[in-house]
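Chains as they are written, first to last, in this note's numbering: chain A, 47 to 187; chain B, 47 to 187.
Every residue gets a Cβ at the ideal spot worked out from N, C-alpha and C, and that includes glycine.
Just so it is clear, the structure is predicted and the values come from calculations on it, not from any experiment.
Number of protein chains: 2
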Amino acid sequence: MRISTKGRYALCVMLDLAQNGTDGCVALKDIAERQNISKKYLEQIMALLNRQDVIKTVRGAQGGYKLARTPDRYTVAEILKLAEGSLAPIDELDDPSAPQAADWQLMYVWQGLYSAITDYLEGITLQDILDHNAQGFDYII
Amino acid sequence: MRISTKGRYALCVMLDLAQNGTDGCVALKDIAERQNISKKYLEQIMALLNRQDVIKTVRGAQGGYKLARTPDRYTVAEILKLAEGSLAPIDELDDPSAPQAADWQLMYVWQGLYSAITDYLEGITLQDILDHNAQGFDYII
DNA sequence: TACTATACCTACCTTTTTACTAGGCTTTAT
DNA sequence: ATAAAGCCTAGTAAAAAGGTAGGTATAGTA
Chain A
47 MRISTKGRYA LCVMLDLAQN GTDGCVALKD IAERQNISKK YLEQIMALLN RQDVIKTVRG
107 AQGGYKLART PDRYTVAEIL KLAEGSLAPI DELDDPSAPQ AADWQLMYVW QGLYSAITDY
167 LEGITLQDIL DHNAQGFDYI I
Chain B
47 MRISTKGRYA LCVMLDLAQN GTDGCVALKD IAERQNISKK YLEQIMALLN RQDVIKTVRG
107 AQGGYKLART PDRYTVAEIL KLAEGSLAPI DELDDPSAPQ AADWQLMYVW QGLYSAITDY
167 LEGITLQDIL DHNAQGFDYI I
């Protein structure tokens, strides 16, 4: 039940764009350095996000990325789903054509879990995260 | 964010024991056939469950497994956590000693997600699943 | 007592996924 | 013209997933 690093990085990048891209665009190099993530790996994640309409790019020197919408119009669910491919806890919820005997009696549990996850993640926008962090809560664990 | 087959099988086995182990014990061979799961693989999962106090075994001929408690005293969360090792969506929630820069600002999202997942799964017992299926709801998707 | 059915244990193995790295091509501001 | 950016495709090492194989230990039954 782990979120992959791809999903975590995607969300992290989007948040970085929300914070640092208010005027103009942000170079991937800077994001990679700020967040301590491999730039080359990030490139692939950007390509993923780019294929949908979530970010805009500016090519050439002084180019970079920026958000396609305001931060309040992205949910965490949308971004994670894009990066991860799916948020469903079991295959059958995405691909009903391949039922497994072992899951038969448990489908309602999996469906409920799926709802619990998506309901929560759809309830949080990038703006919510910005606001939350602005309030000075430190989540040092 | 997928539940592994190990987790799905573990829950499935526990449910099978709840249904078929009311009098005496249940042989793994029968469970494997009923649920269409490799018996050899199930052996390993039973060993996992056995190390905690969740099932009892009867060795020798006519032996098998039975639940250690009544079905209403198992939550889905407990079983899945045992099989999967953890239900946390990111490593840091289990191992706070290895913080990643990229997750810093997102910890509250991950903690909330973790809570959403465990709250849901702790709210469902094996008995709840039995009752639900007894009501004749078919979850054919 | 022998036989058989069961659980238990350890090792190995194949495939898939993850998380990158490498290197070149394209675009554009200066 | 040059340099700084993004774009694209391929390769790859390590880990995890999902098993298989084969033997040992235990106990009920004939």
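Identify the continuous beta strand (DSSP E) that holds residue i and give its terminal residues.
i                 : result
Ile163 of chain A : Counting along the chain, Ile163 of chain A falls outside any beta strand (DSSP E), though it belongs to the alpha helix (DSSP H) covering 153–168.
With a threshold of 8 Å on Cβ separation, who are the neighbours of residue i within its own chain once the five nearest residues in sequence on each side are excluded?
i                 : result
Val104 of chain A : Cys71, Gly110, Tyr111, Lys112
Leu196 of chain A : This structure cannot speak to residue 196 of chain A, because chain A is shown only from 47 to 187.
Ala129 of chain B : Ser50, Lys52, Gly53, Tyr55, Ala56, Leu57, Ile91, Leu94, Leu95
Leu61 of chain B  : Leu172, Ile175, Leu176
Glu138 of chain B : Ala144, Pro145, Gln146, Asp149, Met153, Trp156
Gln81 of chain B  : Tyr55, Cys58, Val59, Asp62
Leu133 of chain A : Ala123, Leu126, Lys127, Tyr160, Ile163, Thr164, Leu167
Asp140 of chain A : Ser132, Ala134
Met189 of chain A : It is not possible to answer for residue 189 of chain A, since the shown part of chain A is limited to 47 through 187.
In the DSSP output, which residue or residues are listed as bridge partners for residue i?
i                 : result
Ile101 of chain A : A:Leu113
Could you give the residue range of the alpha helix (DSSP H) that holds residue i?
i                 : result
Gln180 of chain B : The displayed chain sequence assigns Ala, not Gln, to residue 180 of chain B. Element bounds for Ala180 of chain B: 172–180.
Any heavy atom of the ligand MG closer than 7 Å to the beta-carbon of residue i?
i                : result
Thr51 of chain B : With respect to small molecules bound, the structure shown includes none, and the ligand MG cannot be examined in it.
Please list, in chain order, all residues of the same chain as residue i whose beta carbon is under 7 Å from its beta carbon, the five residues on each side excluded.
i                 : result
Leu159 of chain B : Pro135
Ala64 of chain A  : Leu113, Pro117, Leu172, Leu176
Gln6 of chain A   : Only positions 47 to 187 of chain A appear in the structure, and residue 6 of chain A is not among them; the question remains open.
Gly106 of chain A : none
Ile77 of chain B  : Val59, Asp62, Leu88
Ile170 of chain B : Thr121, Val122
For residue i, which residues in the same chain have their Cβ closer than 6 Å to its Cβ, ignoring the five residues on either side in sequence?
i                 : result
Ile187 of chain B : Low confidence applies here, because Ile187 of chain B scores a pLDDT of 48, under 50, leaving its location unreliable and the question unanswered by this model.
Lys102 of chain A : Lys112, Ala114
Asn66 of chain B  : Val72
Val100 of chain B : Ala114
Asp108 of chain B : A small correction: the amino acid at residue 108 of chain B is Gln; Asp does not occupy that position in the sequence shown. There are no such residues.
Ile83 of chain B  : Tyr55
Checklist entry - Curious, which full-length beta strand (DSSP E) runs of at least 3 residues does the region 106–138 of chain B contain? => result Within the region 106–138 of chain B, the complete beta strand (DSSP E) runs of at least 3 residues are 110–113.
Checklist entry - If you measure beta-carbon to beta-carbon, which residues of the region 80–101 of chain A are closer than 9 Å to chain B? => result Listed by position, the residues of the region 80–101 of chain A near chain B (Cβ gap below 9 Å) are Arg80, Gln81, Asn82, Ile83.
Checklist entry - Can you list, in chain order, the stretches of the alpha helix (DSSP H) that have 4 or more residues and sit fully within the region 56–82 of chain A? => result List check, alpha helix (DSSP H) in window: 74–81.
Next on the checklist: Using a Cβ-Cβ cutoff of 9 Å, what residues of the region 139–157 of chain B are near chain A? List them in chain order.
Outcome noted: For the region 139–157 of chain B, residues whose beta-carbon sits nearer than 9 Å to a beta-carbon of chain A comprise Leu139, Pro142, Pro145, Gln146, Ala147, Ala148, Asp149, Trp150, Gln151, Leu152, Met153, Tyr154, Val155, Trp156, Gln157.
Item to check | Residues in the region 109–143 of chain B having any Cβ partner in chain A nearer than 9 Å | outcome: Hits within the stretch, in order: Val122, Leu126, Glu130, Ser132, Leu133, Ala134, Pro135, Ile136, Asp137, Glu138, Leu139, Pro142.
Item to check | Positions along the region 157–170 of chain B whose CB lies within less than 8 Å of some CB in chain A | outcome: Answer in chain order: Gln157, Gly158, Leu159, Ala162, Ile163, Asp165, Tyr166, Leu167, Ile170.
Checklist entry - Closer than 7 Å, Cβ to any Cβ of chain B: which residues of the region 47–78 of chain A, in chain order? => result Residues of the region 47–78 of chain A whose Cβ lies closer than 7 Å to any Cβ of chain B, in chain order: Met47, Arg48, Ile49, Arg54, Tyr55, Leu57, Cys58, Leu61.
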